[in-house]
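Trainee: Per the numbering used here, residue 1 is the first one in the sequence shown, and the count goes up by one each step.
Below you will find the structure I want to go over with you.
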Amino acid sequence: MAFKTIIEPFRIKTVEPIKMSSVAERKNYIKNAHYNPFLLKSSQVIIDMLTDSGTSAMSQNQWAAMMQGDESYAGAASWERFYDAVNDLTGFEFVLPTHQGRAAERILYGYLGGKGKIFISNTHFDTTRANIEFSGATAIDIPVKEGKDFDSDYPFKGNLDITLLQQLIKKHGKNIAAVIVTVTNNSGGGQPVSMENMKAVSALCKKNKLLCILDCCRVAENAYFIKHREKAYANHSYRQIAQQMFALADGAIMSAKKDALVNMGGFLAVADKKLADACMNLLIITEGFSTYGGLSGRDMEAIAVGLKEVFDDDYLNYRIKSTAYLGDRIKQHGVPILYPIGGHAVYVDAKKLYPQIPVHEYPGQALVCELYTTGGIRCVEIGSVMFGKYNKSGKLIPAPQELVRLAIPRRVYTQSHIDYVIEVFDEVLKNSKKVKGLKITKEPQFLRHFTAHFERLK
Ligand code: F0G
């Protein structure tokens with residue numbers, strides 16, 4: 001029997017109050033935050049969908065494990081448990097603990113990068129690209145063309161374009177520092193990569209002696225999609241699928257703030273001793289000694305437990321189905337979304353929702369503000385505010401898409417919270433024709449979406 005209600009596979013033991021607010025209060029809050037939700041206080045937010053990173057609720061077993069945190073500077077028991085958990089999952093012999101994903105990126109890509117070097121990925125995440133470009137190297141994205149069609153139900157829109165990869169290998173040869181497979185492909189809509197694609201990338205890397213790195217921060221969510229969409233894996237466990245993916249790579253970078261179900265942490269894991277030794281030097285200079293890196297003993301304990309819990313069948317079923325529940329409902333109600341729905345977030349096409357707002361008046365930012373004032377929902381624009389650039393005469397070169405991301409924290413919100421979000425969207429839809437755009441009144445040179453100020457256009 002298949003019941004429709006998605007029951008959260010947990011009971012709630014500790015609660016964190018949410019402060020309710022009125023539309024009038026929120027209008028005031030967002031005005032004072034210069035129409036940029038990054039400048040709101042979290043106490044002014046009802047449902048926080050800004051990110052799924054570091055926002056998970058930990059389990060009783062994770063909290064209990066933290067009490068066993070061994071904070072010794074060297075050779076702590078917590079390090080042994082952390083190492084065993086990472087080694088058992090990834091199969092990589094050398095593990096470097098870092099305080100979050102981008103610290104691992106800085107170490108690995110800083111070492112491999114430099115002027116003239118090329119990195120290739122399905123889509124480099126912002127911090128991945130920033131670390132690569134900061135080293136002087138170039139980052140090239142090669143997502144499959146199906147990924148650009150928001151309506152097709154192609155099952156693996158996170159895949160890399162193998163023909164393009166072959167061409168790039170021919171063109172750049174040994175200058176390629178690494179091929180990075182991001183699972184799921186966050187900047188491409190949280191879409192999964194198939195095992196078949198991973199095998200093809202891995203084979204090309206082996207043949208051409210190139211390093212293949214898995215950005216595995218959502219590897220459990222990716223494994224769910226492989227099990228349910230790729231026939232050959234229907235009878236594998238989620239963990240076995242993830243282990244097989246790692247076996248096809250030479251190393252992995254993880255932001256543990258996602259699928260390790262913790263609030264802070266990460267690691268770099270590699271098979272090659274020479275590479276590990278070089279990275280270890282950088283780890284010790286900038287993060288910490290090799291047996292703790294950027295983490296306290298209790299953090300390592302929580303990650304070790306989280307890396308096991310995340311592969312639980314009931315958890316992953318709830319996780320992916322509840323994200324799809326939100327996406328399917330708002331789509332049925334008429335909200336244009338990126339389809340199929342990804343693992344950690346629903347992406348709304350703001351350009352389609354607000355055809356009256358030109359891209360230089362930021363339709364995505366307008367939607368972000370509407371969702372906040374209408375229902376206290378905080379989310380992020382992924383469009384021309386985040387990725388727009390100016391040409392020499394100061395004209396905006398818009399981003400390819402005007403999206404808004406509703407990211408879902410893990411194990412935090414219940415189905416009634418999500419039903420509330422769906423209702424807020426109904427209200428936002430009713431008023432969609434009246435909504436106007438915004439202009440930027442103040443912006444920094446880099447990563448402007450975090451701190452820019454806006455004004456509403458009359
Ligand atoms: N790689 C991917 C695919 C990510 O999504 C992130 C972070 C990182 C690397 C960097 O990890 O934040 O621990 O340093 N993504 C967050 C997000 C910030 O909201 O999607 P970090």
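Backbone N, C-alpha and C define an ideal beta-carbon position, used for all residues, glycine too.
#1: Taking the alpha carbon of isoleucine 47 as the reference point, which residue from Thr414, Ser290, Ser202 and Ala366 has its own alpha carbon closest?
#2: Let's see if you can read the secondary structure: which residues bound the beta strand (DSSP E) around leucine 214?
#3: Touching or not, the stretch 229-249 and the stretch 275-288, by the rule of three or more beta carbon pairs under 8 Å?
#4: So what's serine 384 in DSSP terms, helix, strand or just coil?
#5: Among the residues of its own chain, which have a CB less than 8 Å from the CB of lysine 433, if the five just before and after it don't count?
#6: Between glycine 266 and ligand 1, is there a pair consisting of the residue's CB and a ligand heavy atom that are separated by less than 7 Å?
#7: Taking 7 Å as the cut-off, is the C-beta of serine 135 nearer than that to any heavy atom in ligand 1?
#8: Would tyrosine 325 and isoleucine 418 be called neighbours here (beta carbons separated by less than 8 Å)?
#9: Please list, in chain order, all residues of the same chain as phenylalanine 425 whose beta carbon is under 7 Å from its beta carbon, the five residues on each side excluded.
#10: Kindly confirm or deny that the stretch 358-365 and the stretch 338-345 touch, where touching means at least three C-beta pairs closer than 8 Å.
#11: Is threonine 55 near ligand 1, going by C-beta to nearest heavy atom under 7 Å?
#12: Alpha carbon to alpha carbon, how far is valine 181 from asparagine 131? Give it in angstroms, no decimals.
#13: Looking at the structure shown, is threonine 323 part of a helix, part of a strand, or coil, going by DSSP?
#14: Under 7 Å Cβ to Cβ from phenylalanine 10, same chain only, skipping five residues before and after it: list those, please.
#15: Measure the C-alpha to C-alpha separation of glycine 306 and lysine 436 and round it to an integer number of angstroms.
#16: Classify histidine 124 as helix, strand or coil using the three-state DSSP reduction.
#17: Taking a contact to mean a Cβ-Cβ separation below 8 Å, would you say histidine 172 touches glycine 294 in this structure?
#18: I'd like to confirm something about lysine 257: is its beta-carbon nearer than 7 Å to some heavy atom of ligand 1, or not?
#19: Buried or exposed: where does glycine 147 fall if 16 or more other Cβ atoms within 10 Å of its Cβ makes it buried?
#20: With hydrogens ignored, establish whether the beta-carbon of phenylalanine 387 is closer than 7 Å to any heavy atom of ligand 1.
#21: Please report the distance separating the alpha-carbon of proline 340 from that of serine 194.
#22: Tell me which same chain residues have a C-beta within less than 6 Å of the C-beta of threonine 374, skipping the five on either side of it?
#23: Arginine 26 to glutamate 105, Cα distance in whole Å?
#24: Just to confirm, is the Cβ distance from asparagine 122 to proline 143 under 8 Å?
#25: Find the nearest neighbour of isoleucine 120 within the set Ala269, Leu211, Lys321 and Glu309, judged by alpha-carbon distance.
#26: Does DSSP put phenylalanine 425 in a helix, a strand or coil?
#27: Grab the span of the beta strand (DSSP E) containing arginine 405 for me, first residue to last.
#28: Per DSSP, what kind of secondary structure is lysine 439 in: helix, strand or coil?
#29: Could you tell me whether any non-hydrogen atom of ligand 1 is closer than 7 Å to the CB of glycine 342?
#30: Who are the near neighbours of glycine 114 in its chain, counting only those whose CB is closer than 7 Å to its CB and skipping five residues on each side?
Mentor: On the basis of the data shown:
#1: For the purposes of this step, residue 47 is taken as the residue at position 47 of the sequence shown. Here the closest residue by C-alpha is Thr414.
#2: Numbered from 1 along the sequence shown, position 214 holds the residue referred to as residue 214. Residues 212-215.
#3: no
#4: Working through the sequence shown from its first residue, we reach residue 384 at position 384. Helix at serine 384.
#5: Locating residue 433 in the sequence shown gives position 433, counting from the first residue. The answer, listed in chain order, is Gln356.
#6: As a position in the sequence shown, residue 266 is number 266, starting the count at 1. Yes; taking the cut-off as 7 Å, the Cβ of glycine 266 has a heavy atom of ligand 1 nearer than that.
#7: Along the sequence shown, read from residue 1 onward, the residue named residue 135 stands at position 135. Serine 135 Cβ: outside cutoff for every heavy atom of ligand 1.
#8: Taking the first residue of the sequence shown as 1, we reach residue 325 at position 325. Taking the first residue of the sequence shown as 1, we reach residue 418 at position 418. It is a contact, given that the beta carbons lie within the stated cut-off.
#9: On the sequence shown, position 425 is the one that residue 425 refers to. So the qualifying residues of the chain are Ile330, His333 and Val335.
#10: no
#11: As a working note, residue 55 is residue 55 in the sequence shown. Result no, Cβ not under 7 Å from ligand 1.
#12: To locate residue 131, count along the sequence shown from 1; it is residue 131. To locate residue 181, count along the sequence shown from 1; it is residue 181. Rounded to whole angstroms, asparagine 131 to valine 181 spans 16 Å at the Cα level.
#13: Translated into the one-based positions of the sequence shown, residue 323 becomes position 323. The answer is helix: DSSP assigns threonine 323 an H, G or I state.
#14: The residue you call residue 10 lines up with position 10 of the sequence shown. For phenylalanine 10, where only same-chain residues beyond five positions count, the Cβ hits under 7 Å are Arg411.
#15: Mapped onto the sequence shown, residue 306 falls at position 306. Mapped onto the sequence shown, residue 436 falls at position 436. When rounded, the distance between both Cα atoms is 44 Å.
#16: Residue 124 sits at position 124 when you count from the first residue of the sequence shown. Looking at histidine 124 - three-state DSSP - the assignment turns out to be coil, as it is neither helix nor strand.
#17: In the sequence shown, the residue the question calls residue 172 occupies position 172. In the sequence shown, the residue the question calls residue 294 occupies position 294. Not closer than 8 Å, so no.
#18: Counted from its first residue, the sequence shown places residue 257 at position 257. Flag set: Cβ of lysine 257 near ligand 1.
#19: Here residue 147 is taken as the residue at index 147 of the sequence shown, counted from 1. Buried, by the Cβ-count rule.
#20: Within the sequence shown, numbered from 1, the residue matching residue 387 stands at position 387. Incorrect: phenylalanine 387 has no Cβ contact closer than 7 Å to ligand 1.
#21: Your numbering for residue 340 matches position 340 in the sequence shown. Your numbering for residue 194 matches position 194 in the sequence shown. Distance between the alpha carbons of proline 340 and serine 194: 14 Å.
#22: Numbered from 1 along the sequence shown, position 374 holds the residue referred to as residue 374. Excluding positions up to five away in sequence, the list reads Val424, Glu427 and Val428.
#23: For the purposes of this step, residue 26 is taken as residue 26 along the sequence shown, with counting starting at 1. For the purposes of this step, residue 105 is taken as residue 105 along the sequence shown, with counting starting at 1. In a straight line, the C-alpha of arginine 26 is about 38 Å away from that of glutamate 105.
#24: As a working note, residue 122 is residue 122 in the sequence shown. As a working note, residue 143 is residue 143 in the sequence shown. Yes, they are a contact pair.
#25: The count along the sequence shown starts at 1 and reaches residue 120 at position 120. Among Ala269, Leu211, Lys321 and Glu309, the Cα nearest to that of isoleucine 120 is on Leu211.
#26: As a first step, residue 425 must be located in the sequence shown, where it is residue number 425. Note: phenylalanine 425 maps to helix in three-state DSSP.
#27: As a working mapping, residue 405 is identified with position 405 in the sequence shown. Unbroken beta strand (DSSP E) run through arginine 405: 403-407.
#28: Along the sequence shown, read from residue 1 onward, the residue named residue 439 stands at position 439. Strand.
#29: Residue 342 sits at position 342 when you count from the first residue of the sequence shown. Checking every heavy atom of ligand 1 against the Cβ of glycine 342, none is found closer than 7 Å.
#30: Translated into the one-based positions of the sequence shown, residue 114 becomes position 114. So the list reads Ser135, Gly136 and Ala137, once near-sequence residues are dropped.
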